[in-house]
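K.L.:
I have a structure here, written as structure tokens, and I will follow up with some questions on it.
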Amino acid sequence: MTERSLSPSPWRRRFRYVRDRLFTLAVTACGIGVILAVLAIGVFLVVEVVPLFTGSASTANSDAIDIESLWLPQQYPGYDEPQYRWQANAATDADTPMFSLTPLAWGTLKAAVYALLFAVPLALGAAIHSACFMSRRLRFRIKPVIELMEALPGVVIGFIAGLVLAPYVERHLVGVFALVLVLPLGILAAGIIQARLPWCLSKRVPLGWAGLWLIPWLAGLVALTLGISPYLEVLWFDGDMRTWMDQQLGLDYATRNAMVVGLAMGFAVIPTIYSLAEDALAGVPASLSEGAQALGASQWQTLWKVLLPAASPGIFSAVMIGAGRAVGETMIVLMATGNTALMTLSPLDGMRSMAANIAIELPEAAPGGVHYQLLLLCALLLFVFTFCVNTLAELVRSRLTQRYQRLGGTT
Amino acid sequence: MADETSPRQAALHEVVQDIPREGRCFEIEELSVAYAGKTALSGLNLYVPRHRVTAFIGPSGCGKSTLLRAFNRLHDLNDDVDRQGRIMLEGQEIHAPEVDVADLRRRVGMVFQTPNPFPMSIYENVAFGLRLQAALPKRRRDEVIEWALESAALWDEVKHRLHDSALSLSGGQQQRLVIARTLAVQPEVLLLDEPASALDPISTLKIEELIRTLKSHLTLVLVTHNMQQAARVSDYTAFLEGGELIEYGATDTLFTNPRLARTENYITGRTDR
Amino acid sequence: MRKLLPRRRLLIEGPGAWLAAGGVALSLLMVLALLALIAGRGLAHFWPPDIEAVTLVSGERFAGQPVREQGLPGQASGSERLYRTGNRDLDGDQWRWVEVNAIDTRTTPEDLVIIERRRWGPFIGRLLRLEGPEAQWTASDGAALWRELEERMARVSQLRHERDALHNHRLEPLAEHVDDSAMSPSEEDELREIKARILALQDAMQRDHVVLESLSGQRLELSLEALIEVKRPNAMSLLAKLASWGEGVWRFLSEGPRAANTAGGVWPAIFGTVMMVLLMSVLVTPFGVLAAVYLNEVAPQGRLTRLVRIGVRNLAGVPSIVYGVFGLGVFVYGIGGSLDSLFFADELPSPTFGTGGLLWASLTLALLTLPVVIVATEEGLARIPDSQREGALALGATRSEALRRVVLPMAVPAMLTGVILAIARAAGEVAPLMLVGVAKLASQVPVDDEFPFIHLERKFMHLGYHIFDAGFHGGDVQAAMPLVYATALLLVLVIVVLNLTAILLRHTIRARHVVQAHR
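Residue numbers (this note's numbering), protein chains in the order written: chain A, 419 to 829; chain B, 9 to 281; chain C, 58 to 576.
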């Protein structure tokens, strides 16, 4: 025993002790440093923006800007009425730049709203289907595909939206509007046909795999609708829907408009909303839904009466996080809108969002000037908005997880 | 309760007399431990005899695992653990500032409920602790590893596959590997936290055999749920309930002739509640 | 009494269930359509299409490659077709819309050529003759003409190579040296000699000419120096076309852009993207891992740590443009500006570090992706059972030893996942780069043989920005489109591969932990 005995030298013990202390100290210092650096973003923006309101900006026209003038209409020379205007670059020296954040905020929210209008029904539908109806095997395959969809870079989606989708939609307006009706009806038709099929056929196209076998059916419907679009246009709108809308409804049509942005950015936020909502729905303890089904409720009733209410906070937070993403997305809005600071509700007009505005103007703005600081204020607003939205969503989500654990534990 | 106090005190006192002072490995005085404000142990006094097997028995949540983890200060990892009282190892207070926790844990080895070999080779698992302590030449290290595996009665089973992953072993083998890994750093005490609860009967038997051989040069402390196991392998047994030490004595006496009704009820499987 | 079997309903599960299924199908359809569009168009870009010789009903003739066809606006029937006719110097435009009804005949004669030129875009028409100083070959010489043309073009490119080498390795260093100090007579001689040799080479490149004729009858004489590639797609076999396709892909990947980013390759953009991403991962990996280790292993797990964790998690959702603003304000104007006034004062007012560049872009993206790495690593650390940590500690390991030897090695796959996801995100992120250092056309890549070899302050090209720039700022969007598709395909491929790796890695980690938990 003695010849094998292991007696660590006190010197080595000391060395290991000191090394441990040093290591812990280094990790602590680095960790705190990194976290502070990351959190410094908010601090930096606030520090840079403050002079804007205290009037210490180092520019010629360095009056402090009051908050009202940023959000209320202003009287500008050359206009009859007070206006909301964002026009940073004065064409001549005589012109004063016009800084109103209202049209930018409007554009940001408008783009986000149209994106959500498109994305939320699709994403929630998809989440509900894959959580409740989809076959397990398919579900495991679909998730990575949707994750990939989330990773598609904004610049690629924006390019497709701005250069391919926008001109195409312009030429097939009738078809695109018709799709809003055709697709849901087509899906229901597929369901009815499936129910009418003899058993040996209908078991080959079960609801659990509808996510796959509906694809060719829908692709066919889309192709058909867009194919007959020119005929419909001749039939109903004298051959050109754009002119017709202009004359009959007084609607202007911009090639790159809110509708295209809604489609493209909706596409970009679908995966975010989908995966969070799906997690929330799939996380509902099985005992709850089994209880409802044991009482004779159909799957759809169970979903509607039990699952959705239980998961609603999770779904809410999914939509919130989707909204946060839509508000901050830059490249898609930049590429798929005309970037004119308009304040209309029409889906056929363009807009200019805060994020796109920063991307366009900040490289040219002189550091320290009013314009620069206003752009930083935009960034700060974006930061605060997304941060708050995400925090809220995160809190709601963690509450929900706790509730699930309780429910899962007691039943 | 009140009428039980005096015989209980007497029972405890007797054991204290039994163990000569120079034979005490651990001496515990007035130890209280609380987790996040909830008391787990209160006012414990206990001696653990050297080179014997001491078993802690008691219902779940009685504090026996907590007590075990106090011996090697594994509670230090938790921020919300509050401890009072003293634990002396060979006459030295283990919470004294000059004590090196890492070295204390080397001297007081521990084996856990579920086998937890590292995801490395068998050889590396045993060499892990050795490498920490000193830079031994390879030949010497190989010797120690062989000795440790032999002591844990595992050498014959693994000597041809020392470089296979430790996770490829069976559960019982994994547990013996963990014991070998602990033995390799030459501990004075071995704490065993229900070492056989996750194992099949044959593996359990092997572990019990091992425990009996190891006590020739080690102090062993065993926490177990299994009363037969405690009766089979231990020399002394302590019965804990509700964070308090109820009865403590030589295993034979405690199992055949418990002094208190509470102990008897637990041992025979009767419950008042 | 009700029957046990319900009446056969219209829909078995109700309309909601079907509409929900439609959500999945429609989302998948959109992804597939998008990927198919990008892949199809991106790959087709390199396929040499046939050149059609078109005779219109009006008797006019022209040659061009058909691009696409669409319905006439405002009419239900009839369609028009877009031809790429080239010859921008002769016709003023290289695109032509033709009503399909107005076309009389379409043929694909084998002698039509498409010539990529250094200026004015492609030429489409006939090659009449090749003129050398000693002889000339006409179209009637057949194969001999083409052989000769090939040889002579090879000679020109050899000469060009020589000239470039002379220019880059002798003239430029000398000129730079001369800038710094006065010229000595010997240097003056050397400079003169080099210049003369370059001029001679350039003259030699101008030696041979081709005479071309468009289908509308206009003639054009070009020196071989102005040509990049001559192709006769109509005369090519399928195999030859395939070879030409492969060559096109290779040239796309290996060459620099031409014609204001609307033609040529994307090599500098690939290089810039890779450099930036590499630098970023070098920065983000250690810091992200350290922060995660601190949060999960060292920090006291109290309310504050929980708040910080939520904060870090939420930063992943902050728009990337905000990080760009931070990078511009802090790195470029703040740190870069101070560096300039400290170390590069003699170069001011032209900024060195005080403007967007590789280093600042990498730093900004590192900050942007830090939350990704931190969250992934923390998840990995949290998955490691406490019994492993306790096992190490019970053997007498200090906390740092347990961490380094047991915990961190087990968390490596999770860290890798985080870093790969970070890289995938950074590779596709364009908005912050527009603020902190991407260039439309960087004449120099940020790496060369000049000390200190990696120029962190230089601007660089980026695949994502290349898409934006070529598609939205170029003059001729129509001409740039195929290239943009190809670039988008490349970017998507890179990102998809990275993400798939991350997904697979995560899958294996989960599987492994499940196995361990079951034991």
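Just so you know, even glycine gets a beta-carbon here, dropped at the ideal spot from N, CA and C.
Under 8 Å: do the stretch 768-785 of chain A and the stretch 808-815 of chain A share three or more Cβ pairs, one atom per stretch?
P.N.:
They do not touch, by the three-pair rule.
K.L.:
List, in chain order, every chain C residue whose beta-carbon is nearer than 9 Å to that of A/Ser518.
P.N.:
None at all; the shortest Cβ gap to chain C is about 20 Å.
K.L.:
Under the assumption that B/Asn124 contacts C/Gln445 (Cβ atoms under 8 Å), give the Cβ distance between them as a whole number of angstroms.
P.N.:
B/Asn124 to C/Gln445, Cβ: 6 Å. Contact.
K.L.:
Skipping 5 residues on each side, what residues in its chain have a beta carbon closer than 6 Å to that of C/Leu277?
P.N.:
Leu269.
K.L.:
Hey, which unbroken runs of the beta strand (DSSP E) at 3 residues or more fall wholly within the stretch 36-99 of chain B?
P.N.:
Taking only runs of at least 3 residues, the beta strand (DSSP E) segments lying wholly in the stretch 36-99 of chain B are 46-57, 61-65, 89-97.
K.L.:
With 8 Å as the C-beta to C-beta threshold (strictly closer), list the residues of the stretch 103-134 of chain B near chain A in chain order.
P.N.:
Per Cβ criterion, the list reads Asp108, Ala110, Asp111, Arg114.
K.L.:
What first and last residue would you give for the beta strand (DSSP E) that runs through C/Pro343?
P.N.:
Looking at the DSSP string, C/Pro343 is not in any beta strand (DSSP E); the run it does join, the alpha helix (DSSP H), is 324-350.
K.L.:
Run down chain A in chain order and give the residues with a C-beta less than 9 Å from the C-beta of C/Arg462.
P.N.:
Per Cβ cutoff of 9 Å: no residues; C/Arg462 is ~12 Å from chain A at best.
K.L.:
Taking the alpha-carbon of A/Gly680 as reference, which of A/Gly543, A/Ala704, A/Gly576, A/Leu799 has the nearest alpha-carbon?
P.N.:
Of the candidates A/Gly543, A/Ala704, A/Gly576, A/Leu799, the one whose C-alpha sits nearest the C-alpha of A/Gly680 is A/Gly576.
K.L.:
Between the C-alpha atoms of B/Leu144 and C/Gly494, what's the straight-line distance to the nearest angstrom?
P.N.:
Approximately 54 Å between the Cα atoms of the pair.
K.L.:
Measure the C-alpha to C-alpha separation of A/Lys528 and C/Arg515 and round it to an integer number of angstroms.
P.N.:
Rounded to the nearest angstrom, the two C-alpha atoms are 38 Å apart.
K.L.:
Going by CA-CA distance only, name the one from A/Val436, A/Phe433, A/Glu466 that's closest to A/Leu798.
P.N.:
Selected option, being the one with the closest Cα: A/Glu466.
K.L.:
For the candidate residues C/Ala481, C/Met210, C/Leu352, whose alpha-carbon lies nearest to that of C/Thr362?
P.N.:
Ranking C/Ala481, C/Met210, C/Leu352 by Cα distance to C/Thr362 puts C/Leu352 first.
K.L.:
How would you label C/Gln151, buried or exposed, when you count the other beta carbons within 10 angstroms and need 16 or more for buried?
P.N.:
With 16 or more other Cβ atoms within 10 Å, it is buried.
K.L.:
Give a yes or no on whether the minimum CB-CB distance between B/Ala161 and chain A is below 8 Å.
P.N.:
Output row for B/Ala161: interface = no.
K.L.:
Give me the Cα-Cα distance between B/Val61 and B/Ile215, rounded to the nearest whole angstrom.
P.N.:
Using only the alpha carbons, I get a separation of about 13 Å.
K.L.:
What are the residues of the stretch 142-153 of chain B that lie near chain C, defined by any Cβ-Cβ distance shorter than 9 Å?
P.N.:
If the cut-off is 9 Å between Cβ atoms, the stretch 142-153 of chain B has nothing near chain C.
K.L.:
Start and end of the beta strand (DSSP E) containing B/Met118?
P.N.:
Element bounds for B/Met118: 116-119.
K.L.:
Just reading off the alpha helix (DSSP H) that C/Ser377 is part of, what are its end residues?
P.N.:
Its alpha helix (DSSP H) spans residues 377-383.
K.L.:
Might you give, ordered along the chain, the residues of its own chain that have their beta carbon closer than 6 Å to the beta carbon of B/Thr212, omitting 5 neighbours on each side?
P.N.:
Within the same chain, B/Thr212 has close Cβ partners Ala204.
K.L.:
Where do the ends of the beta strand (DSSP E) carrying C/Tyr140 lie?
P.N.:
Counting along the chain, the beta strand (DSSP E) containing C/Tyr140 begins and ends at 136-141.
K.L.:
Can you confirm whether C/His575, when its beta carbon is compared against all beta carbons of chain B, has any partner nearer than 8 Å?
P.N.:
Since pLDDT at C/His575 reaches only 41, below the 50 mark, its modelled position is unreliable, and the value read off the structure follows with that caveat. So, not an interface residue.
K.L.:
If we count the other Cβ atoms within 10 Å of its Cβ and call it buried at 16 or more, is C/His102 buried or exposed?
P.N.:
That one is buried.
K.L.:
Between A/Thr720 and chain C, is the shortest Cβ-Cβ distance under 8 Å, so that the two count as touching?
P.N.:
Answer no: the Cβ-Cβ gap between A/Thr720 and chain C never drops below 8 Å.
K.L.:
Return the residue from the list A/Leu795, A/Ile578, A/Phe433, A/Leu639 that minimises the CA-CA distance to A/Phe471.
P.N.:
Comparing Cα-Cα distances from A/Phe471 to each of A/Leu795, A/Ile578, A/Phe433, A/Leu639, the minimum goes to A/Leu795.
K.L.:
Quick one: Cα of B/Ile102 to Cα of B/Ala156, how far?
P.N.:
Rounded to the nearest angstrom, the two C-alpha atoms are 26 Å apart.
K.L.:
Which chain B residues are close to C/Glu458, counting only those with a beta carbon under 7 Å from its beta carbon?
P.N.:
Per Cβ cutoff of 7 Å: Leu140.
K.L.:
Identify which residue in C/Met293, C/Gly182, C/Pro539, C/Ile160 has its Cα closest to the Cα of C/Gly121.
P.N.:
Comparing Cα-Cα distances from C/Gly121 to each of C/Met293, C/Gly182, C/Pro539, C/Ile160, the minimum goes to C/Gly182.
K.L.:
What residue range does the alpha helix (DSSP H) around A/Gln612 cover?
P.N.:
Residues 591-614.
K.L.:
Could you check where the beta strand (DSSP E) with C/Trp152 kicks off and where it finishes?
P.N.:
Unbroken beta strand (DSSP E) run through C/Trp152: 152-156.
K.L.:
If the criterion is Cβ atoms closer than 8 Å, does the pair C/Leu427 and C/Val341 meet it?
P.N.:
In this structure, C/Val341 lies closer than 8 Å to C/Leu427 by Cβ.
K.L.:
Identify which residue in C/Pro376, C/Glu458, C/Met210 has its Cα closest to the Cα of C/Gly189.
P.N.:
Among C/Pro376, C/Glu458, C/Met210, the Cα nearest to that of C/Gly189 belongs to C/Met210.
K.L.:
Going by DSSP, which residues form a beta bridge with C/Gly182?
P.N.:
Paired residue(s): C/Val170.
K.L.:
Give me the residue from A/Thr755, A/Pro634, A/Leu825 with the minimum Cα distance to A/Met683.
P.N.:
Comparing Cα-Cα distances from A/Met683 to each of A/Thr755, A/Pro634, A/Leu825, the minimum goes to A/Thr755.
K.L.:
Can you find a CB in chain A that lies within less than 8 Å of the CB of C/Gly71?
P.N.:
Judged by the 8 Å Cβ criterion, C/Gly71 is in contact with chain A.
K.L.:
Taking only beta-carbon positions, decide if A/Asn757 is within less than 8 Å of chain C.
P.N.:
Chain C contact via Cβ: absent.
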